[in-house]
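Asks: What the sequence shown shows, in my numbering, is residues 6 to 916, in sequence order. Starting off with a structure, shown below.
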Amino acid sequence: MSPIPRRSLLKAAAAAGAAAQFSWALGAKDAQAAPGAEAADADPVTLDWLEDGGLGAAPGSTVGVPWPMGAFQEDQPFALTDADGKAVAVQSWPIAYWPDGSLKWTAHAVSSGNGKLTLAAGEPAAPAQQVTVDRSGGTIDVSTGVITVRIGKNGSTIVRSVTRGSTEIARNGRLVLVRQPEIEDEDQGTVRTECFDGAIDSVTVEQDGPVRAVVRVDGKHRRGSRSWLPFSIRLYFYAGADSFRMVHTITYDGTQEPGKASGDFVRGLGVRFTVPMRDEAYDRHVRIGGEGTGLLREAVQGITGLRRDPGAAVQAAQYAGQKLPDPATWDQRVTTRLQYIPHWGDYTLAQLSADGFTLRKRTKKGYGWIAAGGGKRASGFGYVGGASGGFSFGLRDFWEKFPAQLDIRDAHTDAAEVTLWLWSPEAQPMDLRFYHDGMGQDTYAEQLEGLNITYEDYEPEFGTPYGIARTSELLFWANESTPSAQALAEQVAAVRTLPQLTAPPGQLIKAKVFGPGLYSEPDRSTAAKAKIEDHLDFLFTYYKDQVEQRRWYGFWDYGDFMHTYDAVRHQWRYDIGGYAWDNSELSPDLWLWYAYLRSGRADIFRFAEALTRHTGEVDVYHLGQWAGLGTRHGVQHYADSAKQQRISNTTYRRFYYFLTADERVGDLMAANVDSDETFLVLDPQRKVRTDPYTPDRHALSIGFGTDWSGLVSAWLTEWERKGPKWEKAKARVLSTMEGIAAQPNGFVQGSGLYDLDTGRFATATTAVVSVSHLSAVFGLNELCAELIYLIDMPKFNEAYFDYCRYFNATKAEQAARYGSNFGTLLLFQGHSRLDAYAAVQTGDATLAQRAWTKFYGSDGYTESSPWKTEPLSGPVTLVAGSEASWVSSNDTALYGLAAIENLALLGDKMP
């Protein structure tokens, strides 16, 4: 057995050095402060790169590392060494604390290193060239020791200049937005567009070195008196780097109404820089990434392939991007005719689908374009410059988040212009209108009938994109000259796969983070264990392959996958109501992250990373009346009228944040701290209530399953991070735990009346049995495992163990305990992990046996499931590939989590 260690008493103070005894502010009576945790293991940790190649050409990497409770206090410094024992500069800071005030997670930034690195307590080495931030003037000036970037504090220029030494490499870095006020569904009409500039509202220095500096810029896109489409930009700088990273977020706040042609349609969205061009035209170079590390390698004025040969050495030098010798030394038949060789100033690479890009160029505006090649999937990388310096640029997930585009303009003049289009202006406008006219579903009764046929929960005006967001990542290099082919290939590789330093699975398990005991490293020591591991591998591989086969790509879609398969059409139900995009239904995010935590596999991490970037941004509202809520699964990510906590659940973001210290995901989690206020705005049970109910600030109906698990996750995270509202958040964690425990039937009571001002549940006077198969499958078990480890509240533990014990019990057992049974339930296989958890916590051998019985022989996947795919080809399918028609995303998420947790908890109790 792999028991979850229990502490008889856990100190619950949230600040380091807090007194050993104190009373909870606004908190729970049962949650007593206690002596600190016993001394913990503080051994050094070996960090490694997620993929081979180390840091490569990237500016730097930041990793989150967990520590066992009590191992280190808040002021602990950390040192880093390489495989040879040589000190590596590192910048460290806390990102989460245990309740006793000791460090739970620390973040560590590095700007060098290619092999394994060892992190240990000690004084950090200083970087040879440290990052500095100067706020004193009209700009914020960040120097890495190699390049200096001047960031504007106001106006529309975010990056005033990028210099390397005394040479200005780029300037006037700005945001561009093209709005199309009307969209034509036919081939008639005149297309009009308007251009907006990104205008700065605020600038914040979040870190200022010595290894890593972060500057945040917030604003909106403006034209005249109108401001819209808010943006949040973070610029990342690392010591000694010749590059910097941009994380770019937009939140849609325009108007698009179904059935109407007018509205706020984005025609183009991009980031633009001006690049000074100082060299002669034949010493100016253009590089544009094609497939893999492939490149278009040309000069603005090419001297290769001419009728007259300037000399083999001259041609080779130009192709290599080297400064050419004086033209007086060339064959004079070329030198005297240089003025007749065209200057190619403009280039465009457009990736309008996941399967094809085109490349073209022209001499200058007003003259015709000529084709310059094409291919399937471009890397999203480009370069323009010359022998005296140049600017490399790249957009991550370029083809995955099509339509994307790279433009180089005016390279033949003194100032070239480069634009990285996150939404290509050559694509159709961004059409986010709801996809149907309602079909007469004007009343709740009609909407429930619609739910019963298409599984879509429709409501007029609810299918709005207002408030959804999307984050993109960009990289920029200030080169002292045109890089070599090898250096360019390394830059391309960094754009395609941003290097990530990682802590090993063993450290995550030892530190007891993300639910102690819920995951263990893969173990194939027995045939039964090996078979489950094979099934887990099969499911992940199948979904990864389906993303490719079904082309689940695109600006708004990439990262998500579909909910249910249509075996008749040999197609996922992409066009059928609630069976389309999955939107985190039944916690596939958790399945994938736990699969990574236990294995350390790079492919699983990248899949989960894309899912987190998607579900946290696109499936959740960040502005407007539903800010803090997410949208249930549907044909469009925002289509369904069920706007609920279960989708905006902070639990799904915690993994990526703590593993990488990503600030944007940190923003998403912090934004949920007050999301209990959303229950005043929207009642999630409004269509199915039989008793009158009006949301009341002092008596809000909140479920103990999908609702509370989302709320408590946000509060716990704020408390752990010591965010601005951590004391309020801590109080709500404790008071709501106490409130659930105090109910006549605990979790089985189903819901309670919550007071927004006190953060407490009223204790019901009548026992109620209200159990849903959904209550525990949106992270409740994983959250409760964390809470029970962190907080000494026996009554809460009993309430949760009881819920675990009786969900999968017989109806007779349920009725004997609660006076009535739980009714018709589903998802028993997924709930087997609750059996397993309670079995370990209570030492109940019968419950342990039932966990495996329900896992192997209830619903979901079984050993008799096919566990294979069948080939597909024309004419039965659009694209040749494979299918496993028996697979559904609900079953996959539940099987994956149950398998992982049951193996960890009861791997030695398998039948």
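Yeah, the Cβ is synthetic: ideal placement off N, Cα and C, and Gly gets one too.
Ignoring anything shorter than 3 residues or poking outside the stretch 206–280, list the beta strand (DSSP E) runs there in chain order.
Replies: Complete beta strand (DSSP E) runs here, min 3: 217–228, 231–243, 248–256.
Asks: Select from T363, A494, Y388 the residue whose C-alpha is nearest the C-alpha of K381.
Replies: Residue T363 is the option with its Cα nearest to K381.
Asks: Roughly how many whole angstroms lie between the Cα atoms of D541 and Y548?
Replies: The sequence shown places Leu at residue 541, rather than the Asp named in the question. If you take the alpha carbons of L541 and Y548, they lie about 11 Å apart.
Asks: Would you mind giving the Cβ-Cβ distance between E464 and S646, rounded to the nearest angstrom? I have them listed as a contact below 8 Å.
Replies: Confirmed, about 3 Å.
Asks: What does DSSP give as the partner residue(s) for F543 in the beta ladder?
Replies: BP columns for F543 are empty, so no partner.
Asks: Only counting the same chain, and skipping five residues up and downstream in sequence, which positions put a Cβ closer than 6 Å to that of W374?
Replies: Cβ within range, chain order: R365, R367.
Asks: Does DSSP put F752 in a helix, in a strand, or in coil?
Replies: DSSP places F752 in helix when its eight states are reduced to three.
Asks: Taking 8 Å as the cut-off, decide whether the C-beta atoms of T168 and T149 are in contact.
Replies: No, these two residues do not count as a Cβ contact at 8 Å.
Asks: Among G764, R691, F610, F663, which residue has its Cα nearest to the Cα of D679?
Replies: Nearest of G764, R691, F610, F663 to D679, Cα basis: G764.
Asks: Count the other CB atoms, across all protein chains shown, that sit within 10 Å of the CB of H939; report buried if there are 16 or more and exposed otherwise.
Replies: Residue 939 falls outside the range modelled here, since the chain spans only 6 to 916, and no answer is possible.
Asks: Excluding the 5 residues preceding and the 5 following R342 in the sequence, name in chain order all residues of the same chain whose CB lies nearer than 8 Å to its CB.
Replies: For R342, where only same-chain residues beyond five positions count, the Cβ hits under 8 Å are R313.
Asks: When you compare only the Cα positions, how much space is there between P916 and K534?
Replies: Cα-Cα distance, rounded: 11 Å.
Asks: K914 to D797, Cα distance in whole Å?
Replies: For K914 and D797, the distance between alpha carbons rounds to 28 Å.
Asks: Could you give the uninterrupted runs of the alpha helix (DSSP H) lying entirely in the stretch 664–709, keeping only those of 4 residues or more?
Replies: Taking only runs of at least 4 residues, the alpha helix (DSSP H) segments lying wholly in the stretch 664–709 are 668–675, 683–686.
Asks: My assumption, with CB atoms under 8 Å, is that E906 sits in contact with A841. Please give the rounded CB distance.
Replies: Their Cβ separation, rounded to whole angstroms, is 6 Å, which keeps E906 and A841 in contact under 8 Å.
Asks: CB-CB under 6 Å to T424, same chain, minus the five flanking residues each way: which ones, in chain order?
Replies: Hits under 6 Å: G275, R277, D412.
Asks: With a cut-off of 8 Å on the beta carbons, I'd call N2 and F833 a contact; round off their distance for me.
Replies: What is shown of the chain runs 6 to 916, which leaves residue 2 out entirely.
Asks: Put T469 into one of helix, strand or coil per three-state DSSP.
Replies: Coil at T469, not helix or strand.
Asks: Pair every Cβ in the stretch 570–581 with every Cβ in the stretch 596–611, then say whether three or more of these pairs are closer than 8 Å.
Replies: As far as the Cβ criterion goes, the stretch 570–581 does not touch the stretch 596–611, which means the pair count is below three.
Asks: In whole angstroms, give me the CA-to-CA distance for Y759 and G744.
Replies: Looking at the two C-alpha atoms, the distance is approximately 9 Å.
Asks: To which residues of the same chain is R529 closer than 8 Å at the C-beta, ignoring the five residues directly before and after it?
Replies: Only A535, E538 meet the Cβ criterion.
Asks: What does a CB cutoff of less than 6 Å around Y584 pick up in its chain, not counting 5 residues either side in sequence?
Replies: The answer, listed in chain order, is Y460, H568, T569, R578.
Asks: Can you give me the Cβ contacts of L544 inside the same chain, cut-off strictly under 8 Å, excluding the 5 residues immediately before and after it?
Replies: Only V892, T897, Y900, G901 meet the Cβ criterion.
Asks: Could you please give the first and the last residue of the uninterrupted alpha helix (DSSP H) stretch that includes V339?
Replies: Looking at the DSSP string, the run of the alpha helix (DSSP H) that includes V339 is 337–340.
Asks: Any idea what DSSP makes of I537, helix, strand or coil?
Replies: The answer is helix: DSSP assigns I537 an H, G or I state.
Asks: What would DSSP say about L31, mapped onto helix, strand or coil?
Replies: With a pLDDT of 32 at L31, under the threshold of 50, the modelled position of this residue cannot be trusted, and the question is left open.
Asks: Decide if D288 is buried, meaning its Cβ has at least 16 other Cβ atoms within 10 Å, or exposed.
Replies: Looking at its Cβ environment, which holds 16 or more other Cβ atoms inside 10 Å, D288 is buried.
Asks: Go ahead and label A33 buried or exposed: buried means 16 or more other beta carbons lie within 10 angstroms of its beta carbon, across all protein chains shown.
Replies: With a pLDDT of only 36 at A33, under 50, the local geometry of the prediction cannot be trusted, and the value read off the model is given with reservation. Burial call: buried.
Asks: Bridge partners for R169 per DSSP, in chain order?
Replies: R169 pairs with I152, T172.
Asks: Name the residue from A84, E791, V151 whose alpha carbon lies nearest to the alpha carbon of E485.
Replies: Nearest option by C-alpha distance: V151.
Asks: Taking the beta strand (DSSP E) that G879 falls in, what are its first and last residues?
Replies: No beta strand (DSSP E) contains G879, which DSSP labels as neither H nor E.
Asks: Where do the ends of the beta strand (DSSP E) carrying V423 lie?
Replies: Where V423 is concerned, the enclosing beta strand (DSSP E) stretches over 420–428.
Asks: So D565 and L616 are in contact, right, with Cβ under 8 Å, and what is the actual spacing, rounded?
Replies: Confirmed, about 7 Å.
Asks: Among N588, A376, G326, which residue has its Cα nearest to the Cα of Q491?
Replies: Looking at the Cα atoms, G326 is the closest of the given residues.
Asks: Going by C-alpha distance, which of P871, A508, V305, D696 is nearest A420?
Replies: It is V305.
Asks: Note down the Cα distance separating G307 from Q323, rounded to an integer number of angstroms.
Replies: So the two alpha carbons sit approximately 8 Å from each other.
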